[in-house]
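*Asks:* Sharing a structure below in structure tokens format, with a few things to ask.
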Amino acid sequence: MTEQLLLYPLLFQLLLAILLMFFWTKINVQKVISIVGGFVAVFLSGLLFYEVWTSGTQTVQAASWKAPFGITFVADTLAATLVLLTAISGLAVSFFSSASVIPARLRFGYFPIYHFLLLGLTGAFLTGDIFNLYVWFEIIIISSFVLITLGGEKAQIEGAVKYFTLNILASIIFLTAIAVLYGLAGSLNMADLSVLVPKLENRGLVEVAAILFLVGFGIKSAVFPLYFWLPASYHTPPSAVSAIFGGLLTKVGVYALIRIFSLIFTNDVFLGQILLVIAILTLFSGGVGALVQKNIKKIFSYLIICHIGFMIGGLAMFTKVALVGTIFYLIHDIVLKTNLFMISGLIYRIKGTSNVKLLGDLYDQYPKLSLLMFIPFLSLIGIPPFSGFWPKISLLTAALNTDNYVLLALIIVASLLTLIVIAKLWSEVFWKKGAVLEPRPHFLYFEKMTKAKKVQFILPIVMLAGVTLYIGFGAEHIQQVSERIASELMNKQQYIDAVMPQTE
Amino acid sequence: MKTLILRTASNYLLPILLLFSIFILLRGHYLPGGGFVGGLIASIAFVLHAFANGLKNTKRLLKFHPGFLMPVGLSVAFLSGILPVLALDEPFMTSLWMHHAIPVIGKLNTALFFDIGVYIVVQGVTLTIIFTISESA
Numbered sequence: 017m018t019e020q021l022l023l024y025p026l027l028f029q030l031l032l033a034i035l036l037m038f039f040w041t042k043i044n045v046q047k048v049i050s051i052v053g054g055f056v057a058v059f060l061s062g063l064l065f066y067e068v069w070t071s072g073t074q075t076v077q078a079a080s081w082k083a084p085f086g087i088t089f090v091a092d093t094l095a096a097t098l099v100l101l102t103a104i105s106g107l108a109v110s111f112f113s114s115a116s117v118i119p120a121r122l123r124f125g126y127f128p129i130y131h132f133l134l135l136g137l138t139g140a141f142l143t144g145d146i147f148n149l150y151v152w153f154e155i156i157i158i159s160s161f162v163l164i165t166l167g168g169e170k171a172q173i174e175g176a177v178k179y180f181t182l183n184i185l186a187s188i189i190f191l192t193a194i195a196v197l198y199g200l201a202g203s204l205n206m207a208d209l210s211v212l213v214p215k216l217e218n219r220g221l222v223e224v225a226a227i228l229f230l231v232g233f234g235i236k237s238a239v240f241p242l243y244f245w246l247p248a249s250y251h252t253p254p255s256a257v258s259a260i261f262g263g264l265l266t267k268v269g270v271y272a273l274i275r276i277f278s279l280i281f282t283n284d285v286f287l288g289q290i291l292l293v294i295a296i297l298t299l300f301s302g303g304v305g306a307l308v309q310k311n312i313k314k315i316f317s318y319l320i321i322c323h324i325g326f327m328i329g330g331l332a333m334f335t336k337v338a339l340v341g342t343i344f345y346l347i348h349d350i351v352l353k354t355n356l357f358m359i360s361g362l363i364y365r366i367k368g369t370s371n372v373k374l375l376g377d378l379y380d381q382y383p384k385l386s387l388l389m390f391i392p393f394l395s396l397i398g399i400p401p402f403s404g405f406w407p408k409i410s411l412l413t414a415a416l417n418t419d420n421y422v423l424l425a426l427i428i429v430a431s432l433l434t435l436i437v438i439a440k441l442w443s444e445v446f447w448k449k450g451a452v453l454e455p456r457p458h459f460l461y462f463e464k465m466t467k468a469k470k471v472q473f474i475l476p477i478v479m480l481a482g483v484t485l486y487i488g489f490g491a492e493h494i495q496q497v498s499e500r501i502a503s504e505l506m507n508k509q510q511y512i513d514a515v516m517p518q519t520e
Numbered sequence: 003m004k005t006l007i008l009r010t011a012s013n014y015l016l017p018i019l020l021l022f023s024i025f026i027l028l029r030g031h032y033l034p035g036g037g038f039v040g041g042l043i044a045s046i047a048f049v050l051h052a053f054a055n056g057l058k059n060t061k062r063l064l065k066f067h068p069g070f071l072m073p074v075g076l077s078v079a080f081l082s083g084i085l086p087v088l089a090l091d092e093p094f095m096t097s098l099w100m101h102h103a104i105p106v107i108g109k110l111n112t113a114l115f116f117d118i119g120v121y122i123v124v125q126g127v128t129l130t131i132i133f134t135i136s137e138s139a
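Which chain is which? The protein sequence lines are A and B, in order.
Position in the first sequence counted from 1, then plus 16, gives you our numbering.
Position in the second sequence counted from 1, then plus 2, gives you our numbering.
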């Protein structure tokens, strides 16, 4: 039964979702199943990671159809790492949802849909088939549509419409790209494509397919000219939903970009240049956008965009050092962004507003909590030895080595912008004397909660802050993982051999 | 829409359509058809019944909320997929055939149960959607 270890995290999420559907109306049972299931999912993903780490890339040919005809599931180190991070963030958000999402929302199947979302994410990381990747993306966006509209407030619906429209557009473009590629190469298996595509005669059409992929995934991962849906929608759903969206949904787009451009469309100077320009503009516009926002969640939304730029920048340079930076940043960013949105939810619960202008003296009231929140903030800025610092070293080294001085400058500028944004946030929300707010009726304030509920609120934040600290102080381990992933990405032959052993 | 003709006809059409949906479901293994279409036809049978006799009567006929069919169908499909993993350590969704044919029915395989799962899920989803819409209308 160990041969199919790589499917267990995937199947387990499906099992959880089905199990949760049986308890549709019993919210308290759902909470328990979701949290306990989260622990098991972390354990299974950990096992998978250990297996991949010790004995190399794992593959399963679903339904025993041999690649390139069937659908292959592949767990290389990158996929296994991301599955593990999904499980960790998923567990934290399960915890946080059980305390922070109001029962009126939970009653309409919040938890089952949430686990379908995690299923989609896990599947997208593990699949080795490009059409299957599309299917997982569909599962992700359909579940995210439900999660973002659940509750049906006016602002929420408005955000959801924008989110819908652009994500469906992205899916259509992605599907078109697959169709073009399939028409050209006659295969959908990514390993097979990576052998076939470089041999194709019609380079112009290959380029077109590549650009279509870039646009499709670009919308999903919110890069420069395509990001407008993100700040317009991410602040509207409950914080728990924003947390999983902010932590993982854009990152799955980045993952797809990394996969496609390291495996299928490699050594393409034109694409590299485009990615470089996109990265530079994303870094700049995200950072500047964050400066002028007044809503905490909107600030964090713009910071997501800004920091996507780091990862795209590393991918654009496509040297080993640059990829190490990209992967390290990806690992650090998933945990951090999930945590940031949970923090924004906690602040909202304490004060009853997310408006920076109205918030204040949080440090005075909750000094210990404020210090806890300080850890992710420091990591976000990248003060050594916190986690944001280490990937930036790799990225800066790579930019110097490849003479990309504009990107080098923008990485520094974006870091500075992040610093300014967070410094402003800290002084406004934590130090400033806040406005006196009218207590809202029918609003459960944090101080009035029971002790158990308070723990449920704070524990996931502590947990992810702990993971962030580990990424920062145990950077050596994460660096090793990133280096191994980067060398696997640079040497695509090992991926091909793992999927199709008979090609030698 | 309480016309006598429709009401009388729908009482006969319900079992016929249900049988037809099962025929389509089983036919789908090699020929056009399958769980999805079969499920749609089965739900059409109930929708027609609801048109003729009113939603309340159809609900009484069904005895449980159609939403319940969704997790049931999903579990059937899930079990058919996981069976080869648990029993023989074959990859997920590998189709297993029975060694000996059952009289009249013939050889069964796990793909059939996957299709039955789809059949149930489609019914659950369609009926939930239609019932919800006609309740709120």
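Note that beta-carbon positions come from the ideal geometry of N, C-alpha and C, so glycine has one too.
In this text, all values refer to a predicted model and were calculated from it rather than measured experimentally.
Interface residues of chain B around residue 37(A) at Cβ under 8 Å?
*Replies:* Within chain B, the residues near residue 37(A) are 72, 73, 76.
*Asks:* Between residue 473(A) and residue 116(A), which are expected to be in contact by the criterion C-beta below 8 Å, what is the C-beta distance as a whole number of angstroms?
*Replies:* The pair is a contact, with the Cβ atoms about 6 Å apart (cut-off 8 Å).
*Asks:* I need the straight-line Cα distance from residue 17(B) to residue 124(B), nearest angstrom please.
*Replies:* Roughly 18 Å between the two C-alpha positions.
*Asks:* Return yes when the Cβ of residue 442(A) is within less than 9 Å of the Cβ of residue 393(A), no when it is not.
*Replies:* Cβ distance < 9 Å, so residue 393(A) and residue 442(A) count as in contact.
*Asks:* Can the beta-carbon of residue 274(A) be found less than 9 Å from the beta-carbon of residue 149(A)?
*Replies:* No, the Cβ-Cβ distance between residue 274(A) and residue 149(A) is not below 9 Å.
*Asks:* What residue from 221(A), 131(A), 454(A) has the CA that sits closest to residue 200(A)'s CA?
*Replies:* It is 221(A).
*Asks:* Go ahead and label residue 365(A) buried or exposed: buried means 16 or more other beta carbons lie within 10 angstroms of its beta carbon, across all protein chains shown.
*Replies:* The residue in question, residue 365(A), is buried, as its Cβ has 16 or more Cβ neighbours within 10 Å.
*Asks:* Just mark residue 498(A) as buried or exposed, buried being the case when its beta carbon has 16 or more other beta carbons within 10 Å.
*Replies:* With 16 or more Cβ atoms within 10 Å of its Cβ, residue 498(A) is classed as buried.
*Asks:* Buried or exposed: residue 496(A), going by 16 or more other Cβ atoms within 10 Å of its Cβ?
*Replies:* Exposed, since its Cβ has fewer than 16 Cβ neighbours within 10 Å.
*Asks:* Per DSSP, residue 90(A) is paired with what?
*Replies:* 75(A), per the DSSP bridge assignment.
*Asks:* Given a cut-off of 9 Å, decide if residue 313(A) and residue 360(A) are closer than it, judged by their beta-carbon atoms.
*Replies:* In contact: residue 360(A) and residue 313(A) (Cβ atoms closer than 9 Å).
*Asks:* By the three-class DSSP mapping on this structure, what secondary structure does residue 298(A) have?
*Replies:* Correct three-state label for residue 298(A): helix.
*Asks:* 9 Å is my cut-off, CB to CB: does residue 520(A) come that close to chain B?
*Replies:* Confidence in residue 520(A) is poor, its pLDDT being 47 and thus under 50, which makes the residue's placement too unreliable to answer from.
*Asks:* Considering only residues of the region 342 to 413 of chain A, which uninterrupted alpha helix (DSSP H) runs meet the minimum length of 4 residues and lie entirely inside it, listed in chain order?
*Replies:* Listed in chain order, the complete alpha helix (DSSP H) runs (minimum 4 residues) inside the region 342 to 413 of chain A are 378 to 381, 383 to 397.
*Asks:* Identify the contact partners of residue 30(A) in chain B, using a Cβ-Cβ distance below 7 Å as the criterion.
*Replies:* The answer, in chain order, is 80.
*Asks:* What residue does the alpha helix (DSSP H) around residue 278(A) start on, and which one ends it?
*Replies:* Taken as a continuous stretch (DSSP letters only), the alpha helix (DSSP H) holding residue 278(A) covers 266 to 279.
*Asks:* Sorted by chain position, which residues of the same chain lie with C-beta nearer than 7 Å to residue 502(A)'s C-beta, five sequence neighbours on each side aside?
*Replies:* So the list reads 336, 339, 340, 343, once near-sequence residues are dropped.
*Asks:* Between the alpha carbons of residue 163(A) and residue 517(A), how many angstroms are there, rounded?
*Replies:* Residue 163(A) and residue 517(A): Cα-Cα distance of roughly 41 Å.
*Asks:* Are residue 128(A) and residue 33(A) close, meaning C-beta to C-beta below 9 Å?
*Replies:* Yes, Cβ-Cβ distance for residue 128(A) and residue 33(A) is below 9 Å.
*Asks:* In the region 89 to 107 of chain B, which residues sit with their C-beta less than 9 Å from some C-beta in chain A, listed in chain order?
*Replies:* Listed by position, the residues of the region 89 to 107 of chain B near chain A (Cβ gap below 9 Å) are 91, 92, 93, 94, 95, 96, 97.
*Asks:* Grouping DSSP H, G and I as helix and E and B as strand, with all else coil, what is residue 112(B)?
*Replies:* DSSP places residue 112(B) in helix when its eight states are reduced to three.
*Asks:* Could you check if residue 19(A) is buried or exposed, using at least 16 other CB atoms within 10 Å of its CB as the buried criterion?
*Replies:* Label assigned to residue 19(A): exposed.
*Asks:* Classify residue 131(B): buried if its beta carbon has 16 or more other beta carbons within 10 angstroms, exposed otherwise.
*Replies:* Exposed: under 16 other Cβ atoms inside 10 Å.
*Asks:* Could you please give me the residues that DSSP links to residue 91(B) through a beta bridge?
*Replies:* Residue 91(B) is not bridged to any residue.
*Asks:* Using a C-beta to C-beta distance shorter than 9 Å, which residues of chain B count as neighbours of residue 80(A)?
*Replies:* Residues of chain B passing the Cβ test: 86, 92, 93, 95, 96, 97.
*Asks:* In chain B, which residues lie with their C-beta within 7 Å of the C-beta of residue 19(A)?
*Replies:* Residues of chain B passing the Cβ test: 91.
*Asks:* Cα separation between residue 61(A) and residue 142(A)?
*Replies:* Straight-line Cα distance between these residues: approximately 12 Å.
*Asks:* Excluding sequence positions up to five away, which residues of its chain have a Cβ less than 6 Å from the Cβ of residue 519(A)?
*Replies:* Since pLDDT at residue 519(A) reaches only 49, below the 50 mark, its modelled position is unreliable, and the value read off the structure follows with that caveat. Hits under 6 Å: none found.
*Asks:* So what's residue 10(B) in DSSP terms, helix, strand or just coil?
*Replies:* In this structure, residue 10(B) counts as helix in the three-state DSSP scheme.
*Asks:* What does residue 76(A) reach in chain B if we use C-beta pairs closer than 8 Å?
*Replies:* Those are 93, 94, listed as they occur along chain B.
*Asks:* Do you know how far the Cα of residue 262(A) is from the Cα of residue 411(A)?
*Replies:* Rounded to the nearest angstrom, the two C-alpha atoms are 22 Å apart.
*Asks:* Apart from the five residues just before and just after residue 437(A), which ones in its own chain have a Cβ nearer than 7 Å to its Cβ?
*Replies:* Counting only Cβ-Cβ distances below 7 Å, and skipping sequence neighbours, we find 306, 307, 315, 319.
*Asks:* In the DSSP assignment, find the unbroken alpha helix (DSSP H) run with residue 154(A) in it and report its ends.
*Replies:* 146 to 165 is the extent of the alpha helix (DSSP H) around residue 154(A).
*Asks:* 9 Å is my cut-off, CB to CB: does residue 27(A) come that close to chain B?
*Replies:* With 9 Å as the cut-off, residue 27(A) counts as an interface residue toward chain B.
*Asks:* Does the Cβ-Cβ distance between residue 311(A) and residue 251(A) come in under 9 Å?
*Replies:* A contact, by the Cβ cut-off of 9 Å.
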